[in-house]
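The structure appears below as structure tokens.
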Amino acid sequence: MTHWSVLFLWIQLFLLVFAEHKDSESLCASQQSCKSCLQTPQCVWCSTRVSNQTINTPLVRCVTREKFQKESSLWCRLSDVISDDPTWLLLVENRPLSSTKGTVPVQVQPQRIKLRLRRGTYREEVRIKLLYSQAEDYPVDLYYLMDLSSSMQPHKDRLSELGHAIAEAMRKLTSNFRLGFGSFVDKVVLPMTSTQEDMLKSPCTLTKTGKPCAPPYGYKNQMPLTEDISLFKTRVEEAPISGNLDFPEGGFDALMQAIVCTKEIRWRPNARHLIVFSTDTVSHIAGDGKVAGIIEPNDCLCHLDAKGFYTYSLLQDYPSVSQINKVAREHNVNIIFAVTAYYQELYRLLSKCISGSSIGTIDDDSKNIVALISGEYEKLTQSVTMTDNAPEMIDVKYFSRCVEKNGTLQERQECGGLRVGNVVEFEVALKAVECPANPDEWQQTMQIKPRGINEGLTIDFNIVCDCPCDRPGHPGYKENSEDCRGNGDMVCGVCSCNAGFYGKHCECEGHDVGADSEAALAECKPNNETAEICSGRGVCKCSMCDCAKRPNPQEIFYGKYCECDNFSCKRSGGSVCGGRGKCECGTCNCLPGWNGETCDCKETNSTCMPNSNAEIAEICSGRGDCICGNCHCHEKDNIRYSGLYCEECPTCPGQWCEQLKDCVECEAYNSGPYAANGTCELCPHQIDIVDAVVEDSVKDVETGARICRTPGDAGCTFVFKYEYYRGGTGGDIKIFKILAQRERTCPTPINVFGVAIGLVASTVFLGFLILLIWKVLTVIYDRREYAKFERERALAKWDRGDNPLYKQATSTFTNPMYNDSPGS
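Count the sequence shown with mature numbering (1 follows the signal peptide of the UniProt record, and there is no 0) and you get residues -19 to -1, 1 to 805, in order.
Next up, the structure:
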């Protein structure tokens, strides 16, 4: 890059900063009331009364904070300046972290604060330090919610035997453990369930005993949470198997009731709540009930009778995924979807839509359910994700170094690799992005807490959306003030005229009074250099601009000289400010998380981190730059990385194939380096054996599948296909499915004797063949030559002539005198 290019870039940067500064000044100067001034970022108001002004030049009431700091009392008396900077008002509750056994743990510090916020940019945001430490031996409530349709009978039989194993595994992690059990089938109505009389009594036959199964039902709380683990086995064995008519089940009805029925399920407030949702099929969702004539939406309330049955099954529809997500967050419930391998992908996508949920695959007989539950619980406890219920007008961002005390402070709300005793510090940035129209919403309460834990920080906040002098009773508020000729109120230094009166001092009455006065017209122009009145967007009424109305009532002109509007900003995607911000005086005021001229640029780097919960997270995997929230990958040494986080390299030979091939070779063929060392169990991936790996160019792209053909032991080549997805909030790549081809392609050993015999035989054969071909060609050639000779001889013409050496014995003479006849 040349020096001229660098200079050009610096000039562009200077012009951009200067233009932004001028836009801020214009935006502040256009505000004509203290209330609107304080609702504009980076603006302060001067409430000096006109009669008390010590300067002759017109006073610009609303200016930028930078201009105020520069001019200070030369602009306005300091006692009349209204700024209302955001401040931390009060630390209400700040108990230290504690995890002593036998006492109520404290995992979040502080617990309650009061804040004062003002709408604005990052300069108006307030940062709070929040500490989290995982408590030792934290209570756990685990509720096992199971599909008891006929196809799940093997899983039910196995589960009844695993109650004690589950309890023992969990008690290794916490001694304060309780277990509960519930079951579901589906709504007892067509077309979900057959309503024939005999089918209502017994819709199926048990394959194990041949006996008829139980009548169908929606959901039943079979056993509330209890410490009596032996009761769990009994209740699971007693739970009846039933059946339904259609393929999906009513699992979401059951899941909703299991979450919201706090009293019936006996959820403890200070415990980690887990629901294991076990099924071998899909679940009905909101809208499916309409086919049965059930149109009432799910109300997300508890409807269990004394026996534990769901009573509103036929009165309201299934819940939606968003409703499940909402109540799970509100009740601090972590859901573990334990499903069969066939539906793993479907529930993985569902898990992404429900915060705090995870997914595991159960074996055909549920032997691995204990390891699945304990493993998923350990994952939950080894990470923390901060959540909040902030209203729309409050923007919340989280920054942390996680467990690295000297690491870089990065924007992220999840940290992993935690152990008991680790203290994680989060910096929470709070910013008010809007002032609600309803003043009652200016004071609210919100909570920030770790996901799945009923502890957190409660924040009582007050948004500054008006000025003290806007309220009657304040010294700056005077009704029917003399400064306003008795025709209006003095509010924060300016006159608020009564209906029908105009002017700075409410001295004019009527619609166009003073419009033709030269002095009045001068007041409607920003300076004497322009002849345009009210920026050409309004009319001058009594020394004040009355801005024109637009056909669209949502589009307005405003400002002292009608110099501003809310619709002329740049567009993106056909919308002003890209639909992600407000147009204020020609400049886009973007919503949180967006910036740029058209608010189309993400301002966070967290979306460029492939693994935000790792101890060390690199932007774009260290192979690119994060621009507008997206990774732009580098190209180096003729290698170009691609992918969402620059983690993929199509030109690199077998990037993932090389990492996975040893595990595949060991698990599928019992060969390779892992088999030699006896470490196959170190392979973390599930590998399925298939007869043939089929390549589908369209479906493989959709599922993220890749096919690998790699060499192994003894020169054999094997084929496998892997699928991956981006899991976790950071989107790191996780391999979730590997298909290995049953047979390898191995070279056949060489038979030396056979090769020698074949070589000799082929030599003799080739020699004989060559002689034979030569003989045939020779015969053909001779025959052709002979035929040619015969043709030439047949066509030859032989003339008879005298032999010049032969002389006859007689002589013949001719008499010249006698011509009639010769003589001899």
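The beta carbon of each residue, even a glycine, is placed where N, CA and C say it ideally should be.
Per DSSP, the unbroken beta strand (DSSP E) holding residue 443 starts and ends at 438 to 445.
With a beta-carbon spacing of about 15 Å, residue 225 and residue 193 fall beyond the 8 Å limit used to define contacts. DSSP, reduced to helix, strand and coil, places residue 175 outside both helices and strands of the structure shown, so it counts as coil. Contact annotation: the region 264 to 271 touches the region 227 to 238, with at least three C-beta pairs closer than 8 Å.
Sequence-distant Cβ neighbours of residue 548 in its own chain, meaning closer than 7 Å and more than five residues away, are 536, 557 and 564. One alpha carbon belongs to residue 90, the other to residue 381, and they sit about 15 Å apart. With 16 or more neighbouring CB atoms inside 10 Å of its own CB, residue 445 falls in the buried class. For secondary structure counted as the alpha helix (DSSP H) over 4 or more consecutive residues, the region 118 to 174 holds these complete runs in sequence order: 134 to 142 and 144 to 152. Per DSSP, reduced to three states, the secondary structure at residue 789 is coil, with no helix or strand assignment. Counting only unbroken stretches of 3 or more residues, the beta strand (DSSP E) elements lying wholly within the region 460 to 518 are 469 to 472 and 475 to 478, in sequence order. Contact between residue 291 and residue 282 is absent: CB atoms are separated by about 11 Å, not below the 8 Å threshold.
Between residue 223 and residue 129, the CB-CB gap stays under 8 Å. Note on the region 221 to 300: whole beta strand (DSSP E) runs with a minimum of 3 residues are 253 to 260, in chain order.
Take residue 570, set aside five residues on each side of it, and the residues of its chain with a beta-carbon closer than 7 Å to its own are 562 and 563, in chain order. Rounded to the nearest angstrom, the gap between the Cα atoms of residue 418 and residue 392 is 31 Å. Linking residue 517 to residue 526 through their CA atoms gives a straight-line distance of about 10 Å. Fewer than three beta-carbon pairs drawn from the region 385 to 402 and the region 414 to 428 are found closer than 8 Å, and the two stretches are therefore not classed as touching.
Here residue 528 has 515, 518, 519, 537, 538, 539, 540 and 543 as same chain residues with Cβ atoms under 8 Å from its own Cβ, once five neighbours each way along the sequence are excluded.
Of the other Cβ atoms in all chains shown, 16 or more fall within 10 Å of the Cβ of residue 11; this residue is therefore buried. The Cβ atoms of residue 213 and residue 258 do not sit closer than 8 Å to each other.
Between the region 178 to 186 and the region 272 to 281 there are fewer than three inter-stretch CB-CB distances shorter than 8 Å, so the stretches are not counted as touching. Membership of residue 206 in the beta strand (DSSP E) is indicated by the continuous run 200 to 207. Ranked by Cα distance from residue 439, the options 48, 109 and 786 are led by 109.
Looking only at 452, 236, 376 and 341, the smallest Cα-Cα distance to residue 326 is reached by 341. Non-local C-beta neighbours of residue 461 in its own chain, meaning closer than 6 Å and more than five positions away in sequence, comprise 467, ordered along the chain. Its chain contains 509 as the residues whose beta carbon lies nearer than 8 Å to that of residue 503, once the 5 sequence neighbours on both sides are disregarded; these appear in chain order. Counting C-beta pairs with one atom in each stretch, the region 365 to 374 and the region 141 to 161 have fewer than three that are closer than 8 Å, which means they do not touch. For residue 359 and residue 240, the gap between their C-alpha atoms comes out near 21 Å.
Here DSSP, grouped into helix, strand and coil, assigns residue 374 to coil. In the three-state DSSP reduction, residue 218 falls in the helix class (H, G or I). If the five residues before and after residue 26 are omitted, its C-beta is found closer than 7 Å to the C-beta atoms of 15, 18, 19, 42, 43, 63, 448 and 473, all from its own chain and listed in chain order.
Residue 667 carries a coil assignment under DSSP once its states are collapsed to helix, strand and coil.
8 Å or more divides the Cβ of residue 441 from the Cβ of residue 248. For residue 527, the beta-bridge partners assigned by DSSP are 520. Secondary structure of residue 396 (DSSP, three-state): strand.
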